[in-house]
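Student: Let me begin by handing over the structure; questions about it come next.
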Amino acid sequence: MSLIEPNGKSNSYSIPQDVKTHACLMLFAWGFCSTNGFIVSRHFKLGWPGQTMRNWTYWFNFHLLFQSFLLAFVVLSLFVIVAFVTGYSKITAAPFYVHPALGFTIVSLTFLNPLFAWFLITSTGPRRSVFRNFHLCTGLLAQMFSVPQMFIGFNMPSLGNKLCKTSLFPGLYLASVILYVIVEVVLEVLGYMILFKKKELKSRFQNDELDVDAVILDMAKEPREKRKIAAALLPNRGYEERQIAQQLFKKIHLLRILKYFIFSAHLLGSFTLIFVMVTMLAHM
Numbered sequence: 001m002s003l004i005e006p007n008g009k010s011n012s013y014s015i016p017q018d019v020k021t022h023a024c025l026m027l028f029a030w031g032f033c034s035t036n037g038f039i040v041s042r043h044f045k046l047g048w049p050g051q052t053m054r055n056w057t058y059w060f061n062f063h064l065l066f067q068s069f070l071l072a073f074v075v076l077s078l079f080v081i082v083a084f085v086t087g088y089s090k091i092t093a094a095p096f097y098v099h100p101a102l103g104f105t106i107v108s109l110t111f112l113n114p115l116f117a118w119f120l121i122t123s124t125g126p127r128r129s130v131f132r133n134f135h136l137c138t139g140l141l142a143q144m145f146s147v148p149q150m151f152i153g154f155n156m157p158s159l160g161n162k163l164c165k166t167s168l169f170p171g172l173y174l175a176s177v178i179l180y181v182i183v184e185v186v187l188e189v190l191g192y193m194i195l196f197k198k199k200e201l202k203s204r205f206q207n208d209e210l211d212v213d214a215v216i217l218d219m220a221k222e223p224r225e226k227r228k229i230a231a232a233l234l235p236n237r238g239y240e241e242r243q244i245a246q247q248l249f250k251k252i253h254l255l256r257i258l259k260y261f262i263f264s265a266h267l268l269g270s271f272t273l274i275f276v277m278v279t280m281l282a283h284m
């Protein structure tokens, strides 16, 4: 999937429309759909409790939506560039010769991942764990390979000297990668903070038959009633202990809300960065 003109020559003044289309589709696929699909599946499986859409949990619907657009963008982008190059690229200059090979590797992983996802959904027992690992590893590899692939793509000859000599596009894409990494780390830390507070509640009130997970879900389902839910906890305990439990549950609830806010910020930030790059590229 090389971004090289059919006649093998680079045009320094204009970028072929097919090349622009290929680049824009891949930017949306890997800079927006893939990253947000990963975040939803990794950090929000317990989000939106009790809420379903056609008997599918919200996180699964969002993950499926992002991954479906990812697959569609990748397929369209592949057809566009293969038709433009009329086959497999014959470019030999380093590091550009890596771009088509790595591109087809990423496309293959992208096609395999929905297959593993289907087996994951329809399997039970040990096989489910195997396909879960295949699904995760395939997605991670595709996402990891897409990063150097993008940076190589920004310097492909057919993009011309005007784009290849500027650091604006690589800089904006690097900003989107850094944003994603920061959000992943922050969400992971918040997840561990919630886990530690849940463990503290369970260890402190293990003899009170307090269902910590059920209380958290009730607060998430009825956020306006969280004070009443917290106030009704541990009626047989003293005032101070009830206050400790209430504060811990409220902190967990706030941490969950913070996770939603950070995810929303990443949605907006990643879309803005990719949209700016696509708009600039389309007008070059």
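Quick note: the sequence shown uses the UniProt record's numbering, first residue 1, plus one each step.
Even for Gly, the Cβ is constructed at its ideal location relative to N, Cα and C.
A quick note: this is a predicted structure, and the numbers were derived from the prediction, not measured.
Going by DSSP, what residue range makes up the alpha helix (DSSP H) through W118?
Tutor: Along the sequence shown, read from residue 1 onward, the residue named residue 118 stands at position 118. Here the alpha helix (DSSP H) through W118 covers V98 to T122.
Student: In this structure, does DSSP put W59 in helix, strand or coil?
Tutor: Counting from one through the sequence shown, the residue named residue 59 turns up at place 59. Helix, per DSSP.
Student: Suppose you measure from the CA of N113 to the CA of L248; what does that come to, to the nearest Å?
Tutor: Position 113 of the sequence shown, counting from 1, holds the residue named residue 113. Position 248 of the sequence shown, counting from 1, holds the residue named residue 248. Approximately 39 Å between the Cα atoms of the pair.
Student: Report buried or exposed for I178, applying the criterion of at least 16 other Cβ atoms within 10 angstroms of its Cβ.
Tutor: Residue numbering aside, residue 178 sits at position 178 when the sequence shown is read from its first letter. I178 should be labelled exposed.
Student: Rounded to a whole number of angstroms, what is the C-alpha to C-alpha distance between F275 and A83?
Tutor: Here residue 275 corresponds to residue number 275 of the sequence shown, with the count starting at 1. Here residue 83 corresponds to residue number 83 of the sequence shown, with the count starting at 1. F275 and A83: Cα-Cα distance of roughly 25 Å.
Student: Can you tell me which of the three DSSP states L46 falls into?
Tutor: The sequence position of residue 46 within the sequence shown is 46, counting from 1. Looking at L46 - three-state DSSP - the assignment turns out to be coil, as it is neither helix nor strand.
Student: Out of V212, G139 and G269, state which residue places its alpha-carbon closest to the alpha-carbon of A175.
Tutor: Counting from 1 along the sequence shown, the entry for residue 175 is found at position 175. Measuring from the Cα of A175, the nearest candidate turns out to be G269.
Student: Closer than 7 Å by C-beta to I152: which residues in its own chain qualify, once you throw out the five before and the five after it? Chain order, please.
Tutor: Numbered from its first residue, the sequence shown carries residue 152 at position 152. Closer than 7 Å at the Cβ level, and outside the excluded window around I152, lie P95, F96, V98 and H99.
Student: Tell me whether Y180 is buried or exposed, calling it buried when 16 or more other Cβ atoms sit within 10 Å of its Cβ.
Tutor: Residue numbering aside, residue 180 sits at position 180 when the sequence shown is read from its first letter. The residue in question, Y180, is buried, as its Cβ has 16 or more Cβ neighbours within 10 Å.
Student: Can you give the Cα-Cα distance for Q67 and F169, rounded to whole angstroms?
Tutor: As a position in the sequence shown, residue 67 is number 67, starting the count at 1. As a position in the sequence shown, residue 169 is number 169, starting the count at 1. Cα to Cα, Q67 sits roughly 24 Å from F169.
Student: Going by C-alpha distance, which of V19, C24, I15 and Q17 is nearest T279?
Tutor: Here the question's residue 279 lines up with position 279 in the sequence shown. Of V19, C24, I15 and Q17, the residue nearest in Cα terms is C24.
Student: Please state if the CB of I106 and the CB of F145 are separated by a distance shorter than 8 Å.
Tutor: Walking along the sequence shown from the start, residue 145 turns up at place 145. Walking along the sequence shown from the start, residue 106 turns up at place 106. Yes, the Cβ-Cβ distance between F145 and I106 is below 8 Å.
Student: Can you tell which of F44, V147 and R204 has its C-alpha closest to the C-alpha of L172?
Tutor: Looking up residue 172 in the sequence shown gives position 172. Of the candidates F44, V147 and R204, the one whose C-alpha sits nearest the C-alpha of L172 is V147.
Student: Look at the alpha carbon of I216 and the alpha carbon of I252, and state the distance between them as a whole number of angstroms.
Tutor: The sequence position of residue 216 within the sequence shown is 216, counting from 1. The sequence position of residue 252 within the sequence shown is 252, counting from 1. If I take the Cα positions, the gap works out to 8 Å.
Student: Is it a yes or a no for the region 180-193 touching the region 38-48, going by three-plus beta-carbon pairs under 8 Å?
Tutor: The region 180-193, when compared against the region 38-48, does touch it at the 8 Å Cβ threshold.
Student: First and last residue of the alpha helix (DSSP H) that includes C24?
Tutor: For the purposes of this step, residue 24 is taken as the residue at position 24 of the sequence shown. Q17 to F28 is the span of the alpha helix (DSSP H), which, as asked, contains C24.
Student: Are the beta-carbon atoms of F116 and H135 separated by less than 8 Å?
Tutor: Numbered from its first residue, the sequence shown carries residue 116 at position 116. Numbered from its first residue, the sequence shown carries residue 135 at position 135. The answer is yes: Cβ separation under 8 Å.
Student: Between the alpha carbons of Y58 and L46, how many angstroms are there, rounded?
Tutor: Along the sequence shown, one-based indexing puts residue 58 at 58. Along the sequence shown, one-based indexing puts residue 46 at 46. Each residue's alpha carbon lies about 10 Å from the other.
Student: Would you give the residue range spanned by the alpha helix (DSSP H) that E188 belongs to?
Tutor: Mapped onto the sequence shown, residue 188 falls at position 188. From DSSP, the alpha helix (DSSP H) with E188 extends over L168 to R204.
Student: Y192: which of R256, L71, S264 and W56 sits nearest, CA to CA?
Tutor: Taking the first residue of the sequence shown as position 1, residue 192 is located at position 192. Comparing Cα positions, the closest option is R256.
Student: Do you know how far the Cα of S203 is from the Cα of D211?
Tutor: The residue labelled residue 211 in the question sits at position 211 within the sequence shown. The residue labelled residue 203 in the question sits at position 203 within the sequence shown. Each residue's alpha carbon lies about 12 Å from the other.
Student: Considering only the beta carbon of each residue, do M26 and S77 sit closer than 8 Å?
Tutor: Here residue 26 corresponds to residue number 26 of the sequence shown, with the count starting at 1. Here residue 77 corresponds to residue number 77 of the sequence shown, with the count starting at 1. Contact flag set, yes.
Student: Could you name the residues of the same chain whose beta carbon sits closer than 7 Å to that of F69, not counting the 5 residues immediately before and after it, in chain order?
Tutor: Locating residue 69 in the sequence shown gives position 69, where the first residue counts as 1. C33.
Student: For S167, which of H266, M277, D18 and E188 has the nearest alpha-carbon?
Tutor: In the sequence shown, the residue the question calls residue 167 occupies position 167. Of H266, M277, D18 and E188, the residue nearest in Cα terms is M277.
Student: Could you say which of F28, S264, L273 and Q17 lies nearest to A72 if we only look at CA atoms?
Tutor: As a working note, residue 72 is residue 72 in the sequence shown. That would be F28, whose Cα lies nearest to the Cα of A72.
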